[in-house]
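In order, the protein sequences belong to chains Y and R. Going by our numbering, 121 is the number at position 121 of the first sequence; the sequence numbering is gapless. Add 1000 to the 1-based position in the second sequence for our numbering, that's all there is to it. Since the structure comes first, as structure tokens, the remarks are kept for the end.
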Amino acid sequence: MKVKVISRSTEEFTRERSQDLQKVFRNYDPNLRTLEKAVEYTRALNAAKLEKIFAKPFIGAMDGHIDAVSCMTKNPNHLKGIFSGSMDGDIRLWDLATRKTVNQFPGHQGAVRGLTTSTDGDRLLSCGTDCTVRLWKVPVLEMTDPNESNEDCSKPLAVYVWKHAFWAIDHQWDGNLFATAGTQVEIWDQNRSEPINTFEWGKDTTVSVRFNPGEPDLLATSASDRSIAIYDLRMSSPARKLIMQANEDCNCYTYDGRKLNEAKLVHKDHVSAVMDIDYSPTGREFVTGSYDRTVRIFPFNGGHSREIYHTKRMQRVFCVRFSCDASYVISGSDDTNLRLWKAKASEQMGVLLPREKRKLEYLDAVKERYQHLTDVKRIVRHRHLPKPVYKAAALRRTMIEAENKKDERRRAHSAPGSIPVQPFRKRRIIKELE
Amino acid sequence: MISATQQKIADELDVRARKYLRGDGANLETLRDKKLKGQLVNREKLYGQSAKAAAKAEKWLLPSDEGYLEPEGLEKTWMIKQESIVREVDISSFRKPFDMILPDLGPYKLEYTPSGRYMVMGGRKGHLAMIDMLNMNLIKEFQVRETVRDVVFLQNEQFFAVAQKKYPYIYNWRGTEIHCLKEHGAALKLQFLDKHFLLASVNKSAQLHYQDVSTGVIVANYRTGLGRTDVMQVNPYNAVIGLGHSAGKVTMWKPTSAKPLVTMLCHFGPVTDIAFHKGGHLMATTGMDHKIKLWDIRKFGLLHSYTAHAQMLDFSQKGMLALGNKSHVHIWRDSGNQDYKQYMSHEMVKGYQLAKVCFRPYEDVLGIGHSMGLSSIIVPGAGEPNFDSWVANPYETKKQRREKEVHALIDKLQPETIMLEPTKIGTLKPRRTKANPTKKEIQEEMESAIDAAKNITFKKKTKGRNKPSKRTKKKEEGVFKAKRPFLEQKTEERPFKRQKKEEVELPKALQRFSRKKAQ
Chain Y
1 MKVKVISRST EEFTRERSQD LQKVFRNYDP NLRTLEKAVE YTRALNAAKL
51 EKIFAKPFIG AMDGHIDAVS CMTKNPNHLK GIFSGSMDGD IRLWDLATRK
101 TVNQFPGHQG AVRGLTTSTD GDRLLSCGTD CTVRLWKVPV LEMTDPNESN
151 EDCSKPLAVY VWKHAFWAID HQWDGNLFAT AGTQVEIWDQ NRSEPINTFE
201 WGKDTTVSVR FNPGEPDLLA TSASDRSIAI YDLRMSSPAR KLIMQANEDC
251 NCYTYDGRKL NEAKLVHKDH VSAVMDIDYS PTGREFVTGS YDRTVRIFPF
301 NGGHSREIYH TKRMQRVFCV RFSCDASYVI SGSDDTNLRL WKAKASEQMG
351 VLLPREKRKL EYLDAVKERY QHLTDVKRIV RHRHLPKPVY KAAALRRTMI
401 EAENKKDERR RAHSAPGSIP VQPFRKRRII KELE
Chain R
1001 MISATQQKIA DELDVRARKY LRGDGANLET LRDKKLKGQL VNREKLYGQS
1051 AKAAAKAEKW LLPSDEGYLE PEGLEKTWMI KQESIVREVD ISSFRKPFDM
1101 ILPDLGPYKL EYTPSGRYMV MGGRKGHLAM IDMLNMNLIK EFQVRETVRD
1151 VVFLQNEQFF AVAQKKYPYI YNWRGTEIHC LKEHGAALKL QFLDKHFLLA
1201 SVNKSAQLHY QDVSTGVIVA NYRTGLGRTD VMQVNPYNAV IGLGHSAGKV
1251 TMWKPTSAKP LVTMLCHFGP VTDIAFHKGG HLMATTGMDH KIKLWDIRKF
1301 GLLHSYTAHA QMLDFSQKGM LALGNKSHVH IWRDSGNQDY KQYMSHEMVK
1351 GYQLAKVCFR PYEDVLGIGH SMGLSSIIVP GAGEPNFDSW VANPYETKKQ
1401 RREKEVHALI DKLQPETIML EPTKIGTLKP RRTKANPTKK EIQEEMESAI
1451 DAAKNITFKK KTKGRNKPSK RTKKKEEGVF KAKRPFLEQK TEERPFKRQK
1501 KEEVELPKAL QRFSRKKAQ
């Protein structure tokens, strides 16, 4: 007869010397593991609770301005620096690690409305209500002796004076041009003291302008007649225009630039006007600052925010920026402070050991798997809201529900198909013009 | 273009991968949320990939092979004796079968840790010993001078519980008495649910106790109402306790309900033993009507019934069934389609009465406790050859053992999560069809709502506002609030019924006087 019996030799299954690693053997057979799902669910629940315990997103405030912070920009070449401009014309360069001002750029007489840096990180451009655009040289932040570079940078390299106040400014990503927004959209070159091109469509002021990072010649502007226009520099004429229904209706709309007749997504969560938006460098989420004193972080494909930040001392948020390493969010608000927050509230900053990192990744995955179950969902979703925001949100909800109910009833009492159902993404768009 | 051999390999891997898929994929057609549907489709694809990867690892990376016993010529496996097997195996397996003769201290019950390394044995007359089976070291041996009815390990080899004459006691691995569990009473049988850290016991007055050994809280205490029984087994698949009663019934219990989950009539006489297959779909019961029945627990139907004498049963990791009867041990093996046939048999010396048969995990060994001590025999193919270090490691170091204990405590499951079908957690709820829910479903919903309402804890008020009468009133209000929608549903149905009845009863001439339907 042929016999074989399980026999294990101890040497094969234990380590030889104490310097060696312990031997680990794996058998993925599900029959060896009983109650897997229950254990995973318990781990998801515990992970959700731990996440809430470790959620301490606020890092610090940067104090220095004496008037509301109106605009910010980040330097693509330096991770630690951020520029901010305030309503009294004061522009400062901050070091995020020490949360102190490194440099000041005095000069503007009125409010600074727009700040932008050139792509090589060497030049800072600012525009304001005093009808000037100033070009500054960005000091190199590595210099440990701050006094040396101070002299260089407090005087602008160039001042461009023009006929009307400016509302926004943006630099081309892959070239030398920059655009300003005011009564018209102007395209400037750094070496010329007059704009090389002007665009205008309609009689209303353009309120903001942004260049397309992917296509260096496309730029988008928004105007106070609730329209969004896309311009092409090569064609020297506006390409498309989109008129929306409501201004400041607390929602964010994501559009596909090629198809403007329908919003791709509507992001609803704010209860007051959204003042500023910035995408994360990963492109998977964006941060918004709103007039309702909160900062929210939305996923790029989700209709609701995944995170909300608020403090009693933070008043109306005028500008927000995502840091270039996607770990921090900086908000500038009405109370003259810039605040530094973590992008993921319970993240442990600093170097993590690989074992720790793997455990955190596992916990994230298991939370994501069980995110639809009521207990886990309740804990993961829960955020404390300031009372005015909570009440305003409840009020908005009842109003929207009432309107929806009325709509439904109208539809129920009329001939089927006579009142078409329009998705919310299309509802807010009045028309699209060429 | 894939060659024939590659295709064959791929097919083989597919067959192996099916085990790792853990059931069928979810039916995503019922989802209306398109975004969620897309995400779940992606996730299902990832499951498929991970199952394939696990199948590949199984094929190429597992260190040991299963044991087997192949007879040659006209030999049959059940005629092969232990002596002939021992002659053929290698030296390390030579020490596995043994006979420990301890004639004075009564029939011995034994239990192995889940890793198969340590064994604790308890003799009826109070002899307790713990042995490290890897080195055959005696760790501790002591006498309690009292009747010992059962022994069981707690979460690892550091603690074991002994059902003694009046109460169960918990001992350290050094033999120090740690706890005396007075609430349990005179326990007849103990079982430990290791993921929940619950010690279950059934005592002389047929009460079932569940105690959490990490916090010491008595979770539940139920009167089974079916008479004294010492047949208790925990189903490792779903942590449900199965009790066998003297009327032939088998009941299944969970710690959160006073009534058993399931009651099955299994035998025509008292049930003498139950055993659960580790995969969770098979249950073997034996009774005094000399029958052994195999049940499918998922559908609660009888699969096979054999006429055989057996007083005790045990399933091995690979699905072999050991039967003990007086002084014979028989081992049956699945020959396809859950039909068990005789595989091996072993005769003890006449006069030895068996008390317990217990397969050793991860080894091809069967431990037998009898009136004259302890024996063990080799059963090729009974144990799982490859262990997983994170599940049960026979070569555990002290540090690994401590870490495992801490992780087990962190992942401790709540007793409320015990249910008959544990794989339902996190699955897609089937969308309710347009038809009205059946009465049973409504009943279940009502019960779950009432349970939820009963579990709400209220804030303790101070300054004299915390009267017990007010508290109970508030709790009752909560339960009534949970019941109300279901009661309203019932009253909605009734008026129609009444009308129908009236119409039927009236004769034709008087129908003009019947209550007309509202227009």
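Just so it is clear, CB atoms sit at the ideal spot from N, CA and C, and this is done for glycine as well. Because the structure is a prediction, the values reported are computed rather than measured.
Contact belief for residue i with residue j at Cβ below 8 Å, rounded distance in angstroms
i, j, result
"residue 1270 of chain R", "residue 1288 of chain R", "5 Å"
"residue 180 of chain Y", "residue 173 of chain Y", "That belief does not hold up - the Cβ atoms of residue 180 of chain Y and residue 173 of chain Y are roughly 16 Å apart, past 8 Å."
"residue 75 of chain Y", "residue 138 of chain Y", "6 Å"
"residue 267 of chain Y", "residue 251 of chain Y", "6 Å"
"residue 1383 of chain R", "residue 6 of chain Y", "6 Å"
"residue 208 of chain Y", "residue 222 of chain Y", "5 Å"
"residue 1193 of chain R", "residue 1151 of chain R", "Not quite, the Cβ-Cβ distance comes to about 16 Å (not below 8 Å), so this is no contact."
"residue 1395 of chain R", "residue 13 of chain Y", "5 Å"
"residue 38 of chain Y", "residue 1422 of chain R", "6 Å"
"residue 218 of chain Y", "residue 230 of chain Y", "6 Å"
"residue 280 of chain Y", "residue 322 of chain Y", "5 Å"
Residue i to residue j span [Cα, whole Å]
i, j, result
"residue 1202 of chain R", "residue 1229 of chain R", "8 Å"
"residue 226 of chain Y", "residue 275 of chain Y", "14 Å"
"residue 1169 of chain R", "residue 1190 of chain R", "11 Å"
"residue 1334 of chain R", "residue 1118 of chain R", "28 Å"
"residue 1051 of chain R", "residue 1010 of chain R", "13 Å"
"residue 1374 of chain R", "residue 1040 of chain R", "54 Å"
"residue 297 of chain Y", "residue 1461 of chain R", "40 Å"
"residue 282 of chain Y", "residue 326 of chain Y", "7 Å"
"residue 1196 of chain R", "residue 1121 of chain R", "24 Å"
"residue 400 of chain Y", "residue 278 of chain Y", "27 Å"
"residue 118 of chain Y", "residue 171 of chain Y", "6 Å"
"residue 1412 of chain R", "residue 48 of chain Y", "16 Å"
"residue 1130 of chain R", "residue 1096 of chain R", "17 Å"
"residue 1220 of chain R", "residue 1381 of chain R", "39 Å"
Contacts around residue i, its chain only, beta-carbon distance under 7 Å, and the 5 residues preceding and following it disregarded
i, result
"residue 51 of chain Y", "346"
"residue 59 of chain Y", "340, 341, 342"
"residue 178 of chain Y", "116, 125, 169, 170, 171, 172, 188"
Residues of its chain near residue i, where Cβ-Cβ distance is below 8 Å and the 5 sequence neighbours each way are ignored
i, result
"residue 149 of chain Y", "Confidence at residue 149 of chain Y is low in this model, with a pLDDT of 49, below 50, so the placement of that residue is unreliable and no value is reported for it."
"residue 1048 of chain R", "1017, 1021"
"residue 1386 of chain R", "1062, 1063, 1064"
"residue 389 of chain Y", "271, 292, 293, 294, 310"
"residue 1145 of chain R", "1126"
DSSP beta-bridge partners of residue i
i, result
"residue 1253 of chain R", "R:1241"
"residue 1232 of chain R", "R:1243"
"residue 1293 of chain R", "R:1285, R:1305"
"residue 137 of chain Y", "Y:123"
"residue 104 of chain Y", "Y:92"
"residue 309 of chain Y", "Y:295"
"residue 85 of chain Y", "Y:71, Y:91"
Candidates the options: closest to residue i by CA position
i, options, result
"residue 1099 of chain R", "R:1020, R:1370, R:1423", "R:1370"
"residue 374 of chain Y", "R:1427, R:1139, R:1423", "R:1427"
"residue 206 of chain Y", "Y:164, Y:159, Y:195, Y:304", "Y:164"
"residue 86 of chain Y", "Y:364, Y:413, Y:379, Y:333", "Y:333"
"residue 1126 of chain R", "R:1143, R:1111, R:1205, R:1054", "R:1143"
"residue 24 of chain Y", "Y:15, Y:30, Y:32, Y:31", "Y:15"
"residue 126 of chain Y", "Y:317, Y:160, Y:120", "Y:160"
"residue 4 of chain Y", "R:1058, R:1067, R:1448, R:1059", "R:1067"
"residue 1139 of chain R", "R:1302, R:1106, R:1159, R:1148", "R:1159"
"residue 1116 of chain R", "R:1236, R:1221, R:1166, R:1364", "R:1364"
"residue 364 of chain Y", "Y:352, Y:380, Y:353", "Y:380"
"residue 1266 of chain R", "R:1388, R:1444, R:1300", "R:1300"
"residue 264 of chain Y", "Y:235, Y:249, Y:280, Y:301", "Y:301"
"residue 1430 of chain R", "R:1304, R:1028, R:1442", "R:1028"
9 Å Cβ cut-off: residues of chain A touching residue i
i, result
"residue 1276 of chain R", "Among the protein chains in the structure shown, which are Y and R, there is no chain A."
Chain-order list of residues whose beta-carbon lies under 6 Å from that of residue i (same chain, five-residue window excluded)
i, result
"residue 1223 of chain R", "1207"
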